[in-house]
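Input: a single structure, listed below in structure tokens.
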Ligand code: UDP
Ligand code: MG
């Protein structure tokens, strides 16, 4: 049944904190954000159903259409009319992977919630092992990608460098190969939804929360169809946003860079005075211009870092919703 009146902001979902949608008869929710993934919807659902059907628990699959411009929503609506476990949530526009995932998490009703990508790089079959670990008592079951063959060298190197820098700056330890393929208990979800970060970085937030967790390695497959939605610019934005929301160290590093460059400039002044006292004029203006440009460069970098933090405060004050749901679909159970 299509419901076009739903208008759910992140704020509302957070306000609903203690009254999150729950249904005692749903044990497991699987949440998948999708952006222009029309040809992945059906194969994903086939694999998910194969796995979930054999687990012997009640489940739901929540597919979030993050403002796709292809037929993704059409595919979701189609599938939800024939598969009772499938629910579709359509966002009014593209809000980005993390916010689309948040929209799905906010409407999950299960006791345990799995989040995963929709391009089959996260193998649905692993959910069985994740659930087994959850039933041993872990509140978070993380996964770690082992992907020498299927993921490009560039992606591997950029991802591991990012996690090293992130861990250093934020003091939140994160392993290379981490992603949003994970299972979490409802009690953990409650905290995720209550966090008001402007640029939420869900995998970092989970680490930061510090619930008991275990990590399962897996081999990432190739994308089943379509192209990655993370180009270089988006990756940089994502990395920058995540670091800024978890760490203020860049501001402090700015102070150290400022101190270092001022010390160098001070040494240069002593050198100039020494040369002058010995009757030697300082040769050329190039060195002067060089030093000035260098110092100005540093100054602008530091100003930029301050600006980045300031923009977060601005966005936080605006407090706009992180996502807006346009409509949702699910098959009515008689
Ligand atoms: N995605 C999304 N909104 C976006 C970008 C991506 O919902 O703005 C979804 C995408 O459809 C996929 C998941 O997030 O299900 C991961 O994206 P992708 O596979 O492009 O990332 P990669 O695996 O290349 O890091
Ligand atoms: Mg992918």
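Residue numbers (the numbering used here): -2 to 331.
A virtual CB, placed ideally from N, CA and C, is assigned to each residue, including glycine.
In this structure, DSSP gives residue 321 a state outside helix and strand, which the three-state scheme calls coil. The DSSP-derived three-state label of residue 75 is helix. Beta-bridge partners of residue 84 (DSSP): 59 and 327. Per DSSP, the continuous beta strand (DSSP E) segment holding residue 179 begins and ends at 175 to 182. Between the C-alpha atoms of residue 74 and residue 88 there is a straight-line separation of about 13 angstroms.
For residue 66 against residue 33, the beta-carbon gap comes to about 6 angstroms, under 8 angstroms, which counts as contact. Ranked by Cα distance from residue 258, the first of 296, 233, 227 and 317 is 296. Residue 140 sits away from residue 250, with the two beta carbons spaced by 8 angstroms or more.
Looking from the CA of residue 69, the closest CA among 328, 36, 96 and 326 belongs to 36. Here the alpha carbons of residue 60 and residue 306 stand approximately 33 angstroms from one another. DSSP places residue 247 within a helical segment (H, G or I) once states are collapsed to three. Taking a cut-off of 8 angstroms on C-beta distances, the region 166 to 185 touches the region 104 to 119, as three or more cross pairs fall below it. With 16 or more other Cβ atoms from the protein chains shown falling within 10 Å of its own Cβ, residue 119 counts as buried. About 6 angstroms separates the Cβ atoms of residue 320 and residue 99, confirming a contact at the 8 angstroms cut-off. By the Cβ neighbour-count rule, residue 252 is exposed, with fewer than 16 other Cβ atoms within 10 Å of its own. Judged by DSSP in its simplified three-state form, residue 143 adopts strand. With a threshold of 7 angstroms, the Cβ atom of residue 95 does not count as near the ligand MG, since no heavy atom of the ligand is closer than that.
Annotation: the continuous alpha helix (DSSP H) that includes residue 131 extends over 124 to 132. Looking at the DSSP output, residue 288 sits in no beta bridge, so it has no partner there. Three or more Cβ pairs closer than 8 angstroms define a contact, and the region 214 to 234 falls short of that threshold against the region 257 to 277. Put simply, the backbone Cα of residue 308 is about 30 angstroms away from that of residue 153.
Within the same chain, and ignoring the five residues on either side of residue 172 in sequence, the residues whose Cβ sits closer than 8 angstroms to its Cβ are 141, 160 and 212. Secondary structure at residue 313: helix, using DSSP grouped into helix, strand and coil. Residue 127 and residue 47 have their alpha carbons spaced roughly 16 angstroms apart. Beta bridge pairing from DSSP links residue 111 with 27 and 180.
Between residue 196 and residue 238 the beta-carbon gap is near 4 angstroms, inside 8 angstroms, which marks them as a contact. Residue 212 sits in a strand when the DSSP states are folded into three classes. Within the DSSP secondary-structure output, residue 89 pairs in no beta bridge.
For residue 225, the shortest separation between its Cβ and any heavy atom of the ligand MG lies below 7 angstroms. DSSP places residue 43 within a helical segment (H, G or I) once states are collapsed to three.
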